[in-house]
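In terms of our numbering, the numbers along the sequence shown are unbroken and rise by one, the last being 487. One structure is given below, encoded as structure tokens.
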Amino acid sequence: MLAMNYRGPYRVRCATKSDPVIEHDGDAIVQVSRSCICGSDLHLYHGLVPDTRVGTTFGHEFVGRVVEVGPGVRTLKPGDDVLVPFNVFCGACFFCQRELYGNCHNVNPEATAAGGIYGYSHTTGGYDGGQAQFVRVPMADVGPLKLPEGLSIDDAVLLTDAFPTGYQAAEMGSIDEGDTVVVFGAGPVGLFAAKSAWWMGAGRVIVVDQVDYRLEFARRFAHCETIDFRQVHDMAIHIKKLTDGLGADVCIDAVGCEAAGNALQHLTGVKLKLQSGSATVLHWAINSVRKGGTVSIVGVYGPTFNFVPIGNAVNKGLTMKSGQTHMHRYMKPLLQKIEKGEIDPSFIITHKIPIDQAPEMYKTFRDKKDGCIKVVIKP
Ligand code: NAD
Ligand code: ZN
């Protein structure tokens, strides 16, 4: 089969690889019909995630058709179209029983922190991902959801990560009626977080980024205010000025470890790797939220330490919530929102490409060129 192939930092290729096979009774093999490139893949691409092995295939957002199932699979059969959440999880362990699917204890030998994720290094289990023609789906009775009649595959593929992640980001903000919510990052995750914040009662939603076309897109898609951080000298002061001197009620980090905007953070976190990525947005979020406010973090950071202003967080009495998305909580409720016409997630797809163009498209997406917001691969 053809698959995206990691060759080391800043190098990905499309290569021929052996087809995946059933390894356990509960596995299914899925022929991928759509898969996305995510901001999370950029962290892998840039060598910021430990134990990303040469030869791995990325891709944790995919939908496809079941072509083979192991003898233990009960609910799926060849021919079924499925959307597959990015968490690999067992559904039965201590954590899954508490709906903490992103922290499943049975799918990752390194399970002290994250659980399993397709195509996301050996720190999340070493599973190959869906930027390929075929992918092995373990525990196939647990994760995948059969594609309901009438749901477009483009909407479905956004239900495998970006939309639920944005939604969880807003939910973790515990937004009260009328709250001012600041979302850092106008990528797919930030856009869906901004949109979701309105559903949860926000009175004001402000999205921060530095890419003009993305800020413009955010205003159109999420009907929010925007801040171009290149124009701002001090983010915390700027946001206080916008909020009667108090600060935002909720700040959401939808940027993660490659945040721009502070040269020292970028040098130590992204270039020299002295800390696990740039903590710029963590500083901005902690310092821009009001006393007693909430910081919600879905931007990805590596497992080692950061230079984070934790003293400010403690002294301000903040609530901080974070996490990989617990996908299984959200897929069905958000599917209903699509069915009711409350949102059209596929609106954010700007590029659809065959798999051999994936290496080029990693660069376009990374450089935020060509109006790129979300790339979908049709392998
Ligand atoms: P993306 O790369 O499309 O978007 C990130 C945006 O942040 C870009 O538009 C960039 O210009 C902007 N940005 C950079 N520095 C900034 C700063 N200092 N302030 C404000 N904006 C800044 O990525 P995405 O697909 O939207 O993903 C966003 C983050 O969410 C990534 O870290 C990704 O790994 C993470 N993520 C987490 C989960 C989860 O389960 N927790 C799931 C999916 C994605
Ligand atoms: Zn993703």
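Glycine included, every Cβ here is placed at the ideal spot set by N, Cα and C.
With DSSP as the reference, label residue i as helix, strand or coil.
i	result
residue 153	helix
residue 254	strand
residue 170	strand
residue 208	coil
residue 260	coil
residue 298	helix
residue 184	coil
residue 126	coil
residue 324	helix
residue 386	strand
residue 242	strand
residue 229	coil
residue 338	helix
residue 176	strand
residue 200	coil
residue 109	coil
Have a look at residue i and residue j and give me their C-alpha separation to the nearest angstrom.
i	j	result
residue 485	residue 460	6 Å
residue 169	residue 248	15 Å
residue 154	residue 118	5 Å
residue 205	residue 211	11 Å
residue 384	residue 373	10 Å
residue 430	residue 464	35 Å
residue 223	residue 411	13 Å
residue 343	residue 473	26 Å
residue 143	residue 294	21 Å
residue 287	residue 200	37 Å
residue 482	residue 274	14 Å
residue 129	residue 337	48 Å
residue 150	residue 229	12 Å
residue 135	residue 390	39 Å
Just to check, is the beta-carbon of residue i closer than 7 Å to a non-hydrogen atom of the ligand FMN?
i	result
residue 146	As far as ligands go, the structure on display features the ligand NAD and the ligand ZN and does not contain the ligand FMN.
Pick from the options: whose alpha carbon is nearest that of residue i?
i	options	result
residue 272	193, 288, 289, 347	193
residue 184	133, 329, 331	133
residue 227	210, 160, 462	160
residue 347	366, 291, 368, 384	291
residue 254	334, 190, 179	190
residue 284	230, 307, 370, 140	307
residue 408	416, 432, 381, 425	432
residue 315	162, 345, 363	363
residue 434	310, 309, 280	280
residue 289	358, 365, 398, 321	358
residue 304	341, 231, 180, 332	332
Less than 8 Å between the CB atoms is what I'm expecting for residue i and residue j, so what's the real figure, rounded?
i	j	result
residue 137	residue 175	5 Å
residue 267	residue 439	6 Å
residue 401	residue 353	The Cβ separation is near 14 Å, so there is no contact.
residue 393	residue 361	5 Å
residue 414	residue 387	4 Å
residue 330	residue 299	6 Å
residue 270	residue 297	6 Å
residue 351	residue 236	That pair is no contact at about 46 Å.
residue 152	residue 114	7 Å
Item to check | Segment contact, 8 Å Cβ cut-off, at least three pairs: the segment 257-264 with the segment 237-247 | outcome: The answer is no - the segment 237-247 does not touch the segment 257-264, with fewer than three Cβ pairs under 8 Å.
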